[in-house]
Amino acid sequence: MRHFLSYILVATLVSAAYAQAVPTQAQPDLTQGQAALESGDYAGAIAELEKAQEAAPDSLEVANRLLMAYLEAGALDKAQHFGQEATERWPKDPDAHHYLGLAYFKSGNLPRALAELQQAGRLRQNDFGTHYDTALVHLAGGHYSPAATELEAAAKIKPNHPLTHVLLGRAYLNSNRTLQAIEQFRTVLRLAPDTPLAHYHLGFAYASMGQNQQAISEYEKEVVRAPDNREVQYQLGRVLLDSGDSKSALPHLQRAAQLDPQNPDAAYDLGKALISEGETGAGAAALQRAIELNPADPSPHFLLARALAKLGQNEESQKEMQRFAELKRSQVTSGGMATGRAH
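Going by our numbering, the letters in the sequence shown line up with residues 26 to 368, in that order.
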């Protein structure tokens, strides 16, 4: 949440001329509150702005600064209560609706957040921040097509804003518009090559199209920059493994399993890679870990059965194969997919 609140803070801070519209008795407290807000002293900002608001209860400017301070401080109950009062008193002010929408968003109330942000958009059209924040609400709710629409509008207003293109690419990717997603991620890399995870997102888009070599190339660029990112390590290892290069995949999957020991997919793919590299015992242990983490998945049982057979543990192998068959039948009966993996 910090990225868009910081944007609003910078974009809407009171200028000296703007402050002149505030009654004289409130101006010193407003000035000090604004300075505290800029410096990140949100508790101090609230204290000064509450005094300014008491001195100038009819000032919309003071009200909006105080509402922003509540948001930045994470005082969401106060932000919602004060924001509701502000929107009732100044129903045509887009900032009040915008800030109240953000308060709802940070509280997890997506429907009310969306309603307030859409009202802000009606009152002030073609505003980058409103489109951007409305998109974030849609993304949080898993509504990717409307999020893309908002981000497209934001990108027209600020075409050189890298994060907008990152989010637009993700919205496209999640609504099955992969080619458009790839173009957005390429745009990010043209605008700001050092954007975190830009190569990762581009790699993921390529992988979703089965273009594994392009995906590997992008993941390798990202893993140099973010060696401790568990998802980057896992996805690079997974695509290498899917491409038949278990030797290259192995160190990345080992690192992914270390970074994310609760990830059953990382444990499964690690087991698969170890077995492919002849480390059957270690592979069996990794598969047992995958089973512990996700007992309902049939796939680890299948591979574990084969590994145990190689180790001469035939009775245990048969038990695992029987368990695999039972899980497949139960998933088919329940309407689920038995497994999307190639064993």
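Ideal Cβ positions, reconstructed from N, Cα and C, are used throughout, including at glycine. As the structure is a computational prediction, the values presented were derived from the model and not from experiment.
Check: Could you tell me the boundaries of the alpha helix (DSSP H) in which ASN151 lies?; Outcome: ASN151 -> no alpha helix (DSSP H), and no H or E assigned at all.
Check: Going straight from the alpha carbon of SER40 to that of LYS131, what length do you get?; Outcome: In this prediction, SER40 has a pLDDT of 36, which is less than 50 and means its spatial position is unreliable; what the coordinates show is noted afterwards. Using only the alpha carbons, I get a separation of about 27 Å.
Check: Comparing alpha-carbon positions, which option in PRO171, PHE153, GLN338, GLY167 lies nearest LEU188?; Outcome: PHE153
Check: Would you kindly work out how many angstroms separate the C-alpha atoms of ALA315 and TYR259, rounded to a whole number?; Outcome: 14 Å
Check: If you drop the 5 nearest sequence neighbours on each side, which residues of the same chain put their C-beta closer than 8 Å to that of LEU34?; Outcome: The predicted model places LEU34 with a pLDDT of 44, which falls under 50 and marks its position as unreliable, so this point remains unresolved.
Check: How close, in whole Å, do the beta carbons of THR141 and TYR129 come, if the pair is a contact with beta carbons under 8 Å?; Outcome: The sequence shown places Glu at residue 141, not Thr. So it is a contact: roughly 6 Å between Cβ atoms.
Check: Can you list the alpha helix (DSSP H) stretches of 4 or more residues lying completely in the segment 152 to 207, in chain order?; Outcome: 153 to 165, 169 to 182, 187 to 199
Check: Let me know the secondary structure DSSP gives PRO276 once reduced to three states.; Outcome: helix
Check: Once DSSP output is grouped into helix, strand and coil, what is the label at ALA217?; Outcome: coil
Check: Using beta-carbon positions only, say whether LEU125 and GLY108 come within less than 7 Å of one another.; Outcome: yes
Check: Determine, using beta-carbon pairs with one atom in the segment 317 to 329 and one in the segment 286 to 301, whether at least three such pairs fall under 8 Å.; Outcome: yes
Check: Distance, Cα to Cα, ASP267 vs GLY133?; Outcome: 38 Å
Check: Express the C-alpha separation of SER324 and MET362 in angstroms, rounding to a whole number.; Outcome: Confidence is the limiting factor: at MET362 the pLDDT is only 43, short of 50, which leaves the residue's position unreliable, though a coordinate-based value still follows. Distance between the alpha carbons of MET362 and SER324 is about 11 Å.
Check: Looking only at C-alpha atoms, which of ASN201, GLY269, GLY337, GLN52 sits nearest to GLN78?; Outcome: GLN52
Check: From SER233 to THR203, what does the alpha carbon distance come to, in whole angstroms?; Outcome: 8 Å
Check: Can you tell me which of GLY167, GLN150, ASN199 puts its alpha carbon nearest to the alpha carbon of ALA178?; Outcome: GLN150
Check: For GLN209, count neighbouring Cβ atoms within 10 angstroms of its own Cβ and tell me buried if that reaches 16, exposed if not.; Outcome: buried
Check: How would you write the range of the alpha helix (DSSP H) that PRO320 sits in, first residue to last?; Outcome: It is not in any alpha helix (DSSP H) - PRO320 carries neither H nor E in the DSSP assignment.
Check: Decide if ASN237 is buried, meaning its Cβ has at least 16 other Cβ atoms within 10 Å, or exposed.; Outcome: buried
Check: Identify which residue in ASP102, ASP83, TYR67 has its Cα closest to the Cα of THR49.; Outcome: ASP83
Check: List the whole-angstrom C-beta distance separating LEU328 from ILE300, where the pair is believed to meet the contact cut-off of C-beta under 8 Å.; Outcome: 7 Å
Check: At the level of alpha carbons, what is the spacing between LEU118 and HIS277?; Outcome: In the sequence as presented, Leu is not what sits at residue 118; that position holds Asp. Using only the alpha carbons, I get a separation of about 52 Å.
Check: What distance in whole Å lies between the Cβ atoms of LEU176 and ALA196, which are believed to be in contact at a cut-off of 8 Å?; Outcome: 6 Å
Check: Could you tell me if ASN89 is buried or exposed, where buried requires 16 or more neighbouring beta carbons within 10 angstroms of its beta carbon?; Outcome: buried
Check: Assign GLY262 to buried or exposed, taking buried as 16 or more other Cβ atoms, counted over all protein chains shown, within 10 Å of its Cβ.; Outcome: buried
Check: For GLU351 and GLN343, I'd like the C-alpha separation in whole angstroms.; Outcome: 12 Å
Check: Residues in its own chain within less than 6 Å of LEU222 by CB, not counting five upstream and five downstream?; Outcome: none
Check: Taking the runs of the alpha helix (DSSP H) that are 4 residues or longer, which of them lie wholly in the segment 288 to 352?; Outcome: 289 to 301, 305 to 318, 324 to 335
Check: Indicate whether ARG354 and HIS326 have their beta-carbon atoms separated by less than 7 Å.; Outcome: no
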